[in-house]
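K.L.:
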Amino acid sequence: MNRRRFLQVAGIAGLAVMAPLAVREVRASSGKYEGPFWIMLNAGGGWDPTMLCDPKGGTDPKDPKQVNHSYTPGEIGHAGAIAYAPTSWGQNGVTLLTAADFFDAHHKRLTVLNGVDNSTNNHDAGSRTTWSGQLAEGYPCFAALVAALGTTAQPLPLAFLSNGGYDATAGVVSLTRFGGTTSLQRLAFTNDIDPNDAKTGHYHTPTTAGRIAAAQEARLKANQQKQRLPALSSAMGSLWLARQSDDGLAGLGEMLKNVSLVNFPEDFPAQGGIGGINEVENLLRQAQIALLSFQAGVAVSANLSMGGFDTHDNSDDKQSRQMMILSFALDYLFKQIDAAGMTDQVYVVVGSDFGRTPSYNNNNGGKDHWNITSVMVAGPKVQGDRVIGATDEAFKPLAINPKTLQVEASGQRIEPKHIHQSLRKLAGLTGTALDAEFGLPGDPMPLFG
C-alpha cells in the first residue's frame, strides 16, 4: 500500500495517524507494552457535579439559594465516604443504572476531587486545562505525555488513541484517531482487501507481501542512515510502521472480530444522537477498543469522549440523562477491566470542561457555565473511597490545606495543575525530560499519596 493509498484508507475509515517528532527506531514486531495504561473520559460541554459526586439538593424553584431542584438534601445518597446525587438517571421511564448501584459498586476504587477551580468558563480553555493542567495553549494533554513516556523504549503503532476531547500532543507522540473497529482492522491486516470478509482475498500472496515488507525495511534503514535531520528520519519510520502489519496490531484485529457489547433494555430510546442508544453504544465501543488495544500491547493511553452536558435549558433533566449514560459506561469499563485481569494496570480519569452555575437561568431551568468542577480518578495506586476538596451549599469552592488536604480557610483551592502534578507522579513522569519541558508551576499537593 503506497503512502497515498494509506492516507486514503485512513481518511475513509475515520482514522488519522500523526507522526511523532522524537527520534525512535521503528520496527514491525515491536515488543508488547505491558502497562500501566491510562483512560481519560471526557464529559464534553461542562457537566454539573452537583448531579453526580458533589450533591446539594433543594425542592423550591423560587429559592435562589437552592442549587438543585430535583432532589432534597435528605435524599442525598452515600457509598462509603462518597456522597452522590440520588437521581435514578432514567429516560422515558427506562433506567440503565441507578446512582446507588454505580457508587455502591465502585466507591472503593474512586477518589473524588471536588471544588476544583478551572479558572475559566470557556469551553476550549476549560477542556485544555482539565486535560493538560494548563490554561495556556501549547501544552500536550496528559494522555499524550504518558504515551510518549511509554514508547521511549519501543515504538507502538497506536500509542495514543483518541476519540475526541483535548488531545493536543505538542509533537511528543503519535496520535491515532479511531472511528470504529473497521479502521483498526484495516491497519492490522494491510494485505487484506476487506479484513471483515475473508472471501475478498489479499492484495498480494503472503510470500510476495513478505518480500515487499523486507525490501521496504531495507530501504528504510538505508535512507535513515543517509538522513541527518532527526524529524525526517523519524517520519520515515512512522510511515513505514503504518504501512506494515504489526504483530500486536494483528492480535488486536483478531480480537475485534469476535467482540460484542452488553444488551440494552428493549424499551430504551432508540433514537440516535444525544441521549439515544447510539450514543451509549458509541461510548461503550470506545471503551472496548481501548481495552483491547491495551491487551494487545499496542497502546498506552486513550481518550474516550461524550457530549451533551452543555445544558443551558432543562439542566436537571439533561444532566441526569447524560450522567446515567456516563455512569453506565464507567460501570461497563470497570467491569471489563476487572474481567480482563487488568485491575492493577489501568488508570481511569473522568472530567469535564467546567461545571454549571449554582443558580438556574431564565431559559426553562437551564444552567450556564461555572468555573468550579469535579474530577474522579481510579487506578491501582489511587486510594479509593476518598473525597478531597469541597464546595459550600452555594457550590462555591472551599480551600484546603495543601499538606493535610483538609478544608482550611487559609488554604488553597485545588486547581488542575495540582491534579496533573499528582497524575505525573503516579505515571512516573515527574523529573523526566518531558516533565521539565512542559513544567507545571507551583507546589504540588499529595492528592494521590
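Heads up, the sequence shown is in my numbering, so the first residue is 11 and it goes up one at a time.
We put the CB at the ideal spot given by N, CA and C, even for glycine.
Do you know how far the Cα of F112 is from the Cα of R187?
P.N.:
The alpha-carbon atoms of R187 and F112 are separated by roughly 29 Å.
K.L.:
With DSSP as the reference, label G307 as helix, strand or coil.
P.N.:
G307: coil per DSSP, three-state reduction.
K.L.:
Three or more C-beta pairs under 8 Å: does that hold for the region 339–352 against the region 373–380?
P.N.:
No: the two stretches stay apart, fewer than three of their Cβ pairs being nearer than 8 Å.
K.L.:
Kindly indicate which residue of G351, N324, R331 has the alpha-carbon position closest to the one of L302.
P.N.:
When each option's Cα is compared against that of L302, the closest is G351.
K.L.:
Tell whether a beta-carbon distance below 9 Å holds between F170 and T162.
P.N.:
No.
K.L.:
Out of G307, N411, L159, which has the shortest C-alpha to C-alpha gap to L439?
P.N.:
Checked all of G307, N411, L159; the closest Cα to L439 is L159.
K.L.:
Please check the pair L107 and S325, which I expect to be a contact at CB under 8 Å, by giving their CB distance rounded to whole angstroms.
P.N.:
That pair is no contact at about 20 Å.
K.L.:
Can you name the start and end residues of the alpha helix (DSSP H) that Y342 belongs to?
P.N.:
Y342 -> alpha helix (DSSP H) spans 325–349.
K.L.:
Is the region 88–96 in contact with the region 54–69, if contact means three or more CB pairs nearer than 8 Å?
P.N.:
Because the criterion of three Cβ pairs below 8 Å is met, the region 88–96 and the region 54–69 touch.
K.L.:
With respect to the beta strand (DSSP E) encompassing V77, which residues constitute its N-terminal and C-terminal limits?
P.N.:
Where V77 is concerned, there is no enclosing beta strand (DSSP E), given that its DSSP letter is neither H nor E.
K.L.:
Could you tell me whether any Cβ in chain D is nearer than 9 Å to the Cβ of G452?
P.N.:
Within the model displayed, chain D is absent; a lone protein chain is all it includes.
K.L.:
Going by C-alpha distance, which of K435, S432, A400, Q431 is nearest A419?
P.N.:
Nearest option by C-alpha distance: A400.
K.L.:
Looking only at its own chain, which residues have a Cβ that is under 7 Å from the Cβ of E85, when we skip the five neighbours before and after it?
P.N.:
Result list for E85: G67, P96, in chain order.
K.L.:
Which residue comes first and which comes last in the beta strand (DSSP E) that contains L120?
P.N.:
Counting along the chain, the beta strand (DSSP E) containing L120 begins and ends at 120–127.
K.L.:
With H, G and I counted as helix, E and B as strand and the rest as coil, what does DSSP make of L25?
P.N.:
Bear in mind that the predicted position of L25 carries a pLDDT of just 39, short of 50, making it unreliable; the figure below should be weighed with that in mind. Three-state result, L25: coil.
K.L.:
For F47, report the span of its beta strand (DSSP E) as first-last.
P.N.:
First-last of the beta strand (DSSP E) with F47: 47–53.
K.L.:
According to DSSP, is L319 helix, strand or coil?
P.N.:
For the sequence presented, residue 319 should be read as Phe rather than Leu. Residue state, collapsed to three classes: coil.
K.L.:
Nearest by alpha-carbon distance to F364: which of V392, D134, P71 is it?
P.N.:
The shortest C-alpha separation from F364 is found at D134.
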